[in-house]
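> First residue of the sequence shown: 1, per UniProt numbering; consecutive thereafter.
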Amino acid sequence: MATATKSLKKQGSDLAQSNRQIEILSNGIFKSGELSTFKDKISETNQFPLKANKLEILQINVGYMCNQVCDHCHVDAGPDRKEIMTRETMRQCLEVIKNTSAHTLDLTGGAPEMNPDFRWFVEEAAKAGIKDFIVRSNLTIIRANKKYYDLPEFFKKHNVHVVSSMPHWTRGKTDKQRGDGVFDKSIKALQELNAVGYGMPDSDLRLDLVYNPSGAFLPGDQAAMEKDFKKALLEDFNIQFHNLFAITNLPIARFLDYLIASENYEDYMYSLVEAYNPAAVKSVMCTNTLSISWDGYLFDCDFNQMLELPVNSKIKHISDYNEELLEGRNIVISQHCYGCTAGAGSSCQGNTTSV
1 MATATKSLKK
11 QGSDLAQSNR
21 QIEILSNGIF
31 KSGELSTFKD
41 KISETNQFPL
51 KANKLEILQI
61 NVGYMCNQVC
71 DHCHVDAGPD
81 RKEIMTRETM
91 RQCLEVIKNT
101 SAHTLDLTGG
111 APEMNPDFRW
121 FVEEAAKAGI
131 KDFIVRSNLT
141 IIRANKKYYD
151 LPEFFKKHNV
161 HVVSSMPHWT
171 RGKTDKQRGD
181 GVFDKSIKAL
191 QELNAVGYGM
201 PDSDLRLDLV
211 YNPSGAFLPG
221 DQAAMEKDFK
231 KALLEDFNIQ
241 FHNLFAITNL
251 PIARFLDYLI
261 ASENYEDYMY
271 SLVEAYNPAA
281 VKSVMCTNTL
291 SISWDGYLFD
301 CDFNQMLELP
311 VNSKIKHISD
321 YNEELLEGRN
331 IVISQHCYGC
341 TAGAGSSCQG
351 NTTSV
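#1: Determine the DSSP secondary structure at M114, reduced to helix, strand or coil.
#2: Given that a residue counts as buried once 16 or more other Cβ atoms are within 10 Å of its Cβ, and exposed if not, what is L325?
#3: Rounded C-beta distance between H161 and R206? I'm assuming under 8 Å.
#4: Is N138 buried or exposed, if buried means 16 or more other CB atoms sit within 10 Å of its CB?
#5: With a threshold of 16 other CB atoms inside 10 Å of the CB of P278, please say whether the residue is buried or exposed.
#6: At 3 residues or longer, and completely inside the stretch 9-41: list those beta strand (DSSP E) runs for me, N to C.
#7: Comparing alpha-carbon positions, which option in S334, G343 and A344 lies nearest D40?
#8: Only counting the same chain, and skipping five residues up and downstream in sequence, which positions put a Cβ closer than 8 Å to that of K9?
#9: Please classify S165: does DSSP put it in a helix, a strand, or coil?
#10: Please classify A2: does DSSP put it in a helix, a strand, or coil?
#11: So A253 and A342 are supposed to be a Cβ contact under 8 Å. How far apart are they, rounded?
#12: Among the residues of its own chain, which have a CB less than 7 Å from the CB of I260, if the five just before and after it don't count?
#13: Out of L218, F303, A280 and H72, point me to the one whose CA is closest to I42's CA.
#14: On the DSSP letters alone, give me the boundaries of the alpha helix (DSSP H) that Y211 sits inside.
#15: Out of G129, E192, F183 and R171, which one is the CA nearest neighbour of F154?
#16: Please give me, in chain order, every unbroken run of the beta strand (DSSP E) with length at least 3 that falls completely inside the UniProt domain "Radical SAM core" (60-198).
#17: Taking the alpha carbon of M269 as the point to measure from, which residue in V62, S214, C337 and V332 has its own alpha carbon closest?
#18: Which of helix, strand or coil does DSSP assign to F245?
#19: Quick check on this structure: which residue in N46, G345 and R329 has the alpha carbon closest to the alpha carbon of L55?
#20: Return the chain-ordered list of same chain residues with a C-beta closer than 7 Å to the C-beta of R119, the five sequence neighbours on each side being excluded.
#21: DSSP on A216, reduced to helix/strand/coil?
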């Protein structure tokens with residue numbers, strides 16, 4: 001995988017358009033019947049339509065701006081993306097956070113820390129008493145600029161659960177996916193998080209890592225990879241962390257672009273469909289999660305947000321939020337959903353079930 005330097009949107013790629021991505025996912029081998037559509041596949045086990053259960057997780061994307069341009073990025077994030085959540089929309093989110101049954105708040109991006117109101121939002125959201133307050137950090141942001149150097153202490157102050165991207169425990173594989181110098185900065189950031197107590201065996205300051213495959217293949221066994229990561233990072237850099245989440249790359253945005261350019265698209269879709277596990281359908285993230293975009297619109301998951309597939313409800317925006325009306329809605333699906341139901345299942349929390 002060659003590392004990108006600009007987002008698909010900045011390049012003017014037709015794949016920056018969500019309708020073009022959906023068109024690719026809906027036609028070809030799926031339209032011909034060579035492979036079953038996701039709807040047909042889950043219908044075989046009487047799991048269609050997928051229904052939203054009780055809300056447990058609010059995932060809020062505070063903007064697509066990022067200091068990195070990673071090859072697999074389903075957000076198509078980068079320094080050239082200017083979509084940023086305003087404080088007004090954050091206030092609307094805070095009202096929902098205070099009144100919802102959700103126990104987990106999950107802030108994502110881009111690099112969420114690059115939103116100018118990020119710290120204000122974290123401080124206000126922390127007051128709401130959410131049980132698990134996640135920030136998805138790419139690690140390198142902590143070393144990107146001196147204004148971010150105190151992030152480990154800031155996270156600690158607000159008891160933030162840090163979930164960080166780490167493609168591999170070696171420099172070569174990490175930099176190949178995320179750009180030159182990313183590995184060394186990530187290691188430094190992890191050491192700084194450890195220094196304030198994150199990731200230590202008996203610490204309540206949670207530090208988890210996320211692994212994404214660096215090519216057109218599915219992740220291996222999550223438990224085995226976690227052992228390998230822990231052993232290598234401890235031996236080589238004296239770094240500790242709690243859990244590793246192995247996440248399947250979904251065939252959208254930049255990863256879809258890579259699959260098509262490398263002529264791996266059909267093979268990858270075959271791999272996803274062949275690895276389909278009906279047991280994983282029960283625990284996909286969309287059944288207990290609501291995704292909120294930078295401009296306040298509601299989606300079943302972060303991936304649907306990027307494909308601009310809004311929730312199937314008359315409640316479309318955070319300003320009109322109504323938990324009762326959203327619960328029990330039919331979840332919007334397409335072929336990318338195979339990514340979350342392959343093997344042991346995958347979502348923003350990694351493998352979700354046992355095969």
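Just so it is clear, CB atoms sit at the ideal spot from N, CA and C, and this is done for glycine as well.
If we stick to the structure as given:
#1: Your numbering for residue 114 matches position 114 in the sequence shown. DSSP, reduced to helix, strand and coil, places M114 within a helical segment of the structure shown.
#2: For the purposes of this step, residue 325 is taken as the residue at position 325 of the sequence shown. L325 should be labelled exposed.
#3: Here residue 161 refers to the residue found at position 161 when the sequence shown is read from its first residue. Here residue 206 refers to the residue found at position 206 when the sequence shown is read from its first residue. Between R206 and H161 the Cβ distance is about 4 Å, and since that is below 8 Å, they are a contact.
#4: Within the sequence shown, numbered from 1, the residue matching residue 138 stands at position 138. Classification for N138: buried.
#5: If you number the sequence shown from 1, residue 278 lands on position 278. By the neighbour-count definition (other C-beta atoms within 10 Å, threshold 16), P278 is an exposed residue.
#6: List check, beta strand (DSSP E) in window: nothing returned.
#7: The residue labelled residue 40 in the question sits at position 40 within the sequence shown. Closest option to D40, Cα to Cα, is S334.
#8: Translated into positions along the sequence shown, residue 9 becomes position 9. Here the set comprises A16, D76, D80 and R81.
#9: Here residue 165 refers to the residue found at position 165 when the sequence shown is read from its first residue. In the displayed model, S165 falls within a strand according to three-state DSSP.
#10: Here residue 2 refers to the residue found at position 2 when the sequence shown is read from its first residue. The predicted position of A2 is uncertain, since its pLDDT is 46 and thus under 50; a value taken from the coordinates is nonetheless stated next. Reduced to three states, the DSSP call for A2 is coil.
#11: Mapped onto the sequence shown, residue 253 falls at position 253. Mapped onto the sequence shown, residue 342 falls at position 342. At roughly 18 Å, the Cβ-Cβ gap does not stay under 8 Å, so A253 and A342 are not in contact.
#12: Counting from 1 along the sequence shown, the entry for residue 260 is found at position 260. Result list for I260: empty, nothing under 7 Å.
#13: Here residue 42 refers to the residue found at position 42 when the sequence shown is read from its first residue. Nearest of L218, F303, A280 and H72 to I42, Cα basis: A280.
#14: Sequence index remark: in the sequence shown, residue 211 carries index 211 (1-based). Looking at the DSSP string, Y211 is not in any alpha helix (DSSP H); the run it does join, the beta strand (DSSP E), is L207 to Y211.
#15: Translated into positions along the sequence shown, residue 154 becomes position 154. If we check each option's Cα against that of F154, E192 comes out closest.
#16: You should have 104-108, 132-137 and 161-165.
#17: Translated into positions along the sequence shown, residue 269 becomes position 269. Out of V62, S214, C337 and V332, the CA that lies nearest to the CA of M269 is found in C337.
#18: Within the sequence shown, numbered from 1, the residue matching residue 245 stands at position 245. In this structure, F245 counts as strand in the three-state DSSP scheme.
#19: By 1-based counting over the sequence shown, the position of residue 55 is 55. Shortest Cα-Cα distance from L55 to any of N46, G345 and R329 involves R329.
#20: As a working note, residue 119 is residue 119 in the sequence shown. Once the five neighbours on either side are set aside, the close Cβ partners of R119 are F154.
#21: Here the question's residue 216 lines up with position 216 in the sequence shown. Note: A216 maps to coil in three-state DSSP.
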